[in-house]
Amino acid sequence: AQSVTQLGSHVSVSEGALVLLRCNYSSSVPPYLFWYVQYPNQGLQLLLKYTSAATLVKGINGFEAEFKKSETSFHLTKPSAHMSDAAEYFCAVSGRGANNLFFGTGTRLTVIP
Amino acid sequence: SQTIHQWPATLVQPVGSPLSLECTVEGTSNPNLYWYRQAAGRGLQLLFYSVGIGQISSEVPQNLSASRPQDRQFILSSKKLLLSDSGFYLCAWRKEYSGANVLTFGAGSRLTVL
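These protein sequences, in sequence, are chains A and B. Following my numbering, the numbering of the first sequence begins with 1 at its first residue and continues without gaps. Following my numbering, the numbering of the second sequence begins with 1 at its first residue and continues without gaps.
Printed below as a string of structure tokens:
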């Protein structure tokens with residue numbers, strides 16, 4: 001079985017500050033891990049994914065995430081927040097070959113000018 | 001390129017009325033199709049998924065049902081809506097046998113049950 005826990009339902013950062021959104025996973029098999037972003041009243045857009053190649057994964061819009069097996073974590077970071085980064089972010093996990101993708105409860109990011 | 005369409009985008013329905021949300025995918029064949037529901041503060045809940053025509057797997061027992069009458073069409077239905085069915089419904093697809101299980105989402109359908 002797979003699941004993810006996102007710590008912090010709301011995160012606020014100042015424009016230009018570091019963005020850190022936390023995600024811990026649980027999986028009985030080697031996982032695939034994902035971060036998605038959702039803007040208001042829209043569907044989800046893939047930011048990045050981990051598929052067992054490099055542990056540091058770079059995505060769109062300057063985001064990156066690092067897979068740490070020892071900590072069962074896949075935290076999302078961005079060095080400098082932009083106003084356009086304000087959105088809801090979802091971490092997700094899937095087992096290899098599985099049909100399902102399991103999502104966390106989401107973290108709403110607010111960027112303060 | 002592949003595209004996914006959902007409709008209607010918004011829907012306001014009275015309690016006890018029926019529901020039909022439609023989702024179609026273009027530009028691919030034999031996709032895996034999914035319905036998720038997003039309720040405020042609860043993240044995304046997988047409702048149904050389908051790996052082929054007529055093949056539906058239900059993840060959560062509820063007042064809803066799903067059907068896949070054609071390869072690239074996925075329909076979410078209810079005979080009698082409940083207040084608790086309100087939410088944002090998202091359809092998604094992924095390629096068959098996709099090793100990385102990347103889901104591509106539609107724009108969503110917002111349902112309000114009054």
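Cβ atoms here follow ideal geometry from the backbone N, Cα and C, with glycine treated the same way. Note that the coordinates shown come from a computational prediction; the quantities given were computed from them, not determined experimentally.
(request) For the beta strand (DSSP E) holding B:Pro69, just list the boundary residues, first then last. (result) Ser65 to Gln70
(request) Have a look at A:Pro113, A:Arg96 and A:Thr110 and flag the residue whose alpha-carbon is nearest the alpha-carbon of A:Ala1. (result) A:Arg96
(request) Name, going along the chain, the residues of the region 82-109 of chain B whose beta-carbon falls closer than 9 Å to a beta-carbon of chain A. (result) Phe88, Leu90, Cys91, Ala92, Arg94, Tyr97, Gly99, Ala100, Asn101, Val102, Leu103, Thr104, Phe105, Gly106, Ala107 and Gly108
(message) Count Cβ pairs between the region 12-29 of chain A and the region 41-50 of chain A that sit closer than 8 Å; are there 3 or more?
(response) no
(request) State yes or no: is the beta carbon of B:Asn30 nearer than 8 Å to at least one beta carbon in chain A? (result) no
(message) Can you list, in chain order, the residues of its chain with a C-beta nearer than 6 Å to that of A:Phe103? Leave out the 5 residues immediately preceding and following it.
(response) Phe90 and Ala92
(message) If I measure Cβ to Cβ from B:Gln73 and keep anything under 6 Å in the same chain, skipping five residues before and after, which residues do I get?
(response) Thr24
(message) The beta strand (DSSP E) that contains B:Leu46, what's its start and end?
(response) Leu44 to Gly52
(request) Please classify B:Ile4: is it buried, with 16 or more other beta-carbons within 10 angstroms of its beta-carbon, or exposed? (result) buried
(message) Which same chain residues end up closer than 6 Å to A:His82 when comparing Cβ atoms and leaving out the 5 residues on each side of it in sequence?
(response) none
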